[in-house]
Amino acid sequence: MSKKWIITISIAIVVLASVLISFWTLFGLSSVSINFKSTTKNLTVTEEEIVEAGEFRLGASVLFEGKKKSIDKINEKAKKNENFAYIRVINIETIFPNKFVVHIAEREELFAIKINSQYLVCDRDLRVLKVLDSFESETENPILVEGLTITSSEVQIGDFLSVEEECLKKFYSVMLQNNRSLAQQIGKFKKISLSKYQDEITSKEYISMKLVTFEGKEYQINNPDFAFASKVQKMFAVESTIYSHDLDGFGNLIDKNGQIIYVEETESGEYVLFNEEIGEPTKKVPLSKNLISDCIIKIDNFTLTEHINRSENDIYYSFVKK
Numbered sequence: 439m440s441k442k443w444i445i446t447i448s449i450a451i452v453v454l455a456s457v458l459i460s461f462w463t464l465f466g467l468s469s470v471s472i473n474f475k476s477t478t479k480n481l482t483v484t485e486e487e488i489v490e491a492g493e494f495r496l497g498a499s500v501l502f503e504g505k506k507k508s509i510d511k512i513n514e515k516a517k518k519n520e521n522f523a524y525i526r527v528i529n530i531e532t533i534f535p536n537k538f539v540v541h542i543a544e545r546e547e548l549f550a551i552k553i554n555s556q557y558l559v560c561d562r563d564l565r566v567l568k569v570l571d572s573f574e575s576e577t578e579n580p581i582l583v584e585g586l587t588i589t590s591s592e593v594q595i596g597d598f599l600s601v602e603e604e605c606l607k608k609f610y611s612v613m614l615q616n617n618r619s620l621a622q623q624i625g626k627f628k629k630i631s632l633s634k635y636q637d638e639i640t641s642k643e644y645i646s647m648k649l650v651t652f653e654g655k656e657y658q659i660n661n662p663d664f665a666f667a668s669k670v671q672k673m674f675a676v677e678s679t680i681y682s683h684d685l686d687g688f689g690n691l692i693d694k695n696g697q698i699i700y701v702e703e704t705e706s707g708e709y710v711l712f713n714e715e716i717g718e719p720t721k722k723v724p725l726s727k728n729l730i731s732d733c734i735i736k737i738d739n740f741t742l743t744e745h746i747n748r749s750e751n752d753i754y755y756s757f758v759k760k
């Protein structure tokens with residue numbers, strides 16, 4: 439190799455090394471700050487504690503530093519410091535050339551899940567925020583949940599619950615889709631009861647979600663794993679319609695034309711709106727205020743074979759005796 443080539447290669451190596459050093463210096467992580475995106479009612483940890491929990495490597499390139507690793511570290515910190523359970527990391531933003539901003543929100547209490555003699559206070563993601571020995575459902579505290587099947591072997595503060603009834607994890611977002619904020623959710627629903635039932639036609643087992651409001655109204659959503667948002671929409675639509683009707687002198691609901699609204703009792707003992715074309719007149723009864731108060735409003739979908747695609751058009755409601 440000629441002397442000229444050696445000099446050229448040496449210069450290239452020096453230039454490349456200089457570029458790499460400048461690159462790592464320019465994009466080397468120099469600081470991490472915290473941005474709270476919500477109020478901190480229950481959040482007591484300091485910014486310094488959050489940054490320390492994330493185990494960020496100062497000096498490492500912001501282009502290659504794993505953000506998910508730091509988020510996991512912050513989540514895991516709750517096992518050692520229960521105050522960290524209320525932290526929800528929205529994301530970690532890169533501020534070029536060399537800074538991170540961790541966007542934090544406080545996890546909000548939504549459910550109080552009864553397990554044996556204790557209550558697990560959880561957020562929308564079913565993260566355990568605290569454990570109580572007693573609990574009373576009120577309009578400004580979490581919704582009482584009964585009948586939830588927890589599959590986690592051990593549960594402690596900071597854990598994300600593994601459950602059979604995955605629909606409960608969708609509850610918050612489904613209600614939000616139907617324009618009900620978290621405050622409206624806990625202000626409306628007093629209790630959620632989860633159970634299972636077997637379909638008479640398919641013999642398959644499905645989940646049933648019973649919702650009790652502070653006004654004493656009761657709703658039952660069958661098979662919330664199918665079209666949950668549409669069933670909740672139907673529930674609110676029925677509530678708005680049924681409870682806004684005028685009454686005649688006998689307590690029967692009347693429509694806008696002053697005509698009594700009738701229902702028909704089915705073979706299964708449910709009451710559905712009477713259809714003049716196909717209904718049986720002998721089973722026709724007025725829909726009264728007393729009948730409604732004695733019933734649960736059930737939201738369900740027609741049982742269809744696996745060869746037929748279900749749709750939101752299959753959803754209906756009925757009145758079921760308590």
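Quick note: the sequence shown uses my numbering, first residue 439, plus one each step. Yeah, the Cβ is synthetic: ideal placement off N, Cα and C, and Gly gets one too.
* Asked: Just the Cα atoms here: how many angstroms apart are F609 and K722?
  -> As a working note, residue 609 is residue 171 in the sequence shown. As a working note, residue 722 is residue 284 in the sequence shown. Each residue's alpha carbon lies about 36 Å from the other.
* If L564 sits next to F598, beta carbons under 8 Å apart, how far is it from one beta carbon to the other, in whole angstroms? -> Within the sequence shown, numbered from 1, the residue matching residue 564 stands at position 126. Within the sequence shown, numbered from 1, the residue matching residue 598 stands at position 160. With a Cβ gap of about 6 Å, L564 and F598 count as contacting.
* Asked: What is the rounded straight-line gap between the Cα of T482 and the Cα of S668?
  -> Taking the first residue of the sequence shown as position 1, residue 482 is located at position 44. Taking the first residue of the sequence shown as position 1, residue 668 is located at position 230. Near 39 Å, if we compare the C-alpha coordinates of S668 and T482.
* To do: Would you kindly check if the distance between the Cβ of V650 and the Cβ of I680 is under 9 Å?
  => What you label residue 680 is simply residue 242 of the sequence shown in a count that begins at 1. What you label residue 650 is simply residue 212 of the sequence shown in a count that begins at 1. Cβ atoms of I680 and V650: not closer than 9 Å.
* **Straight-line Cα distance separating L464 from E506** => Walking along the sequence shown from the start, residue 506 turns up at place 68. Walking along the sequence shown from the start, residue 464 turns up at place 26. The amino acid occupying residue 506 in the given sequence is Lys; Glu does not appear at that position. Near 22 Å, if we compare the C-alpha coordinates of L464 and K506.
* How should P580 be labelled, buried or exposed, when 16 other C-beta atoms within 10 angstroms of its C-beta is the threshold for buried? -> The residue given as residue 580 occupies position 142 in the sequence shown. By the neighbour-count rule (16 or more Cβ atoms within 10 Å), P580 is buried.
* Which of helix, strand or coil DSSP assigns to Y700 -> Translated into the one-based positions of the sequence shown, residue 700 becomes position 262. The answer is strand: DSSP assigns Y700 an E or B state.
* Inter-residue Cα distance where the pair is F627 and A675 -> Position 189 of the sequence shown, counted from the first residue, corresponds to residue 627. Position 237 of the sequence shown, counted from the first residue, corresponds to residue 675. Roughly 16 Å separates the two Cα atoms.
* Inter-residue Cα distance where the pair is L567 and A516 -> Residue numbering aside, residue 567 sits at position 129 when the sequence shown is read from its first letter. Residue numbering aside, residue 516 sits at position 78 when the sequence shown is read from its first letter. One C-alpha to the other measures close to 9 Å.
* Any chance the stretch 534–549 sits against the stretch 470–478, with 3 or more Cβ pairs inside 8 Å? -> yes
* Through-space distance from E531 to E702, alpha-carbon basis -> Locating residue 702 in the sequence shown gives position 264, where the first residue counts as 1. Locating residue 531 in the sequence shown gives position 93, where the first residue counts as 1. For E702 and E531, the distance between alpha carbons rounds to 59 Å.
* Buried or exposed by the 16-neighbour rule on C-beta atoms within 10 Å, applied to N513 -> The sequence position of residue 513 within the sequence shown is 75, counting from 1. Buried is the call here.
* With L632 as the anchor, note down where its beta strand (DSSP E) starts and where it stops. => For this step, residue 632 is matched to residue 194 along the sequence shown. Taken as a continuous stretch (DSSP letters only), the beta strand (DSSP E) holding L632 covers F627 to Q636.
* 8 Å CB neighbourhood of K634 in its chain, flanking five on each side removed -> Here residue 634 corresponds to residue number 196 of the sequence shown, with the count starting at 1. The residues are E643, Y644, I645 and S646.
* Do S726 and L691 have their CB atoms nearer than 9 Å? -> Position 288 of the sequence shown, counted from the start, is the residue given in the question as residue 726. Position 253 of the sequence shown, counted from the start, is the residue given in the question as residue 691. One thing to note: S726 has its Cβ within 9 Å of the Cβ of L691.
* Buried versus exposed, by CB contacts within 10 Å (16 or more), N695 -> By one-based count along the sequence shown, residue 695 stands at place 257. Burial call: exposed.
* Below 8 Å on the Cβ atoms is my guess for L558 versus V593; work out the distance and round it to an integer in Å. => As a position in the sequence shown, residue 558 is number 120, starting the count at 1. As a position in the sequence shown, residue 593 is number 155, starting the count at 1. Contact holds; Cβ gap of about 7 Å.
* Asked: Based on the DSSP secondary-structure assignment, which residues constitute the bridge partners of R618?
  -> Within the sequence shown, the letter at position 180 stands for residue 618. R618 is not bridged to any residue.
* Cβ of I509 within 8 Å of any heavy atom in the ligand FMN? -> As for the ligand FMN, it is missing from this structure, which has no ligand bound.
* Asked: Nearest CA to the CA of M613: which residue from L632, E574, Q671 and Y524?
  -> Position 175 of the sequence shown, counted from the first residue, corresponds to residue 613. Minimum Cα distance to M613 is reached at Q671.
* To do: Have a look at S469, A498 and F502 and flag the residue whose alpha-carbon is nearest the alpha-carbon of E486.
  => Within the sequence shown, the letter at position 48 stands for residue 486. Residue S469 is the option with its Cα nearest to E486.
* L570 versus L586, I553 and D561, residue with shortest Cα-Cα distance -> Here residue 570 is taken as the residue at index 132 of the sequence shown, counted from 1. Distance from the Cα of L570 is smallest, within the candidate group L586, I553 and D561, for I553.
* Keeping to the same chain, check which residues put their C-beta closer than 6 Å to that of E584; ignore five residues upstream and five downstream. => As a first step, residue 584 is located in the sequence shown; it is residue number 146 there, counting from the start. Answer for E584: K552 and S631, listed in chain order.
* Just grab the DSSP bridge partners of P724 for me. => Counted from its first residue, the sequence shown places residue 724 at position 286. Answer is Y700, bridged to P724.
* With a 10 Å radius around its C-beta and 16 neighbouring C-beta atoms as the bar for buried, classify T640 as buried or exposed. => Counting from 1 along the sequence shown, the entry for residue 640 is found at position 202. Classification of T640: exposed, given that the 10 Å Cβ count is below 16.
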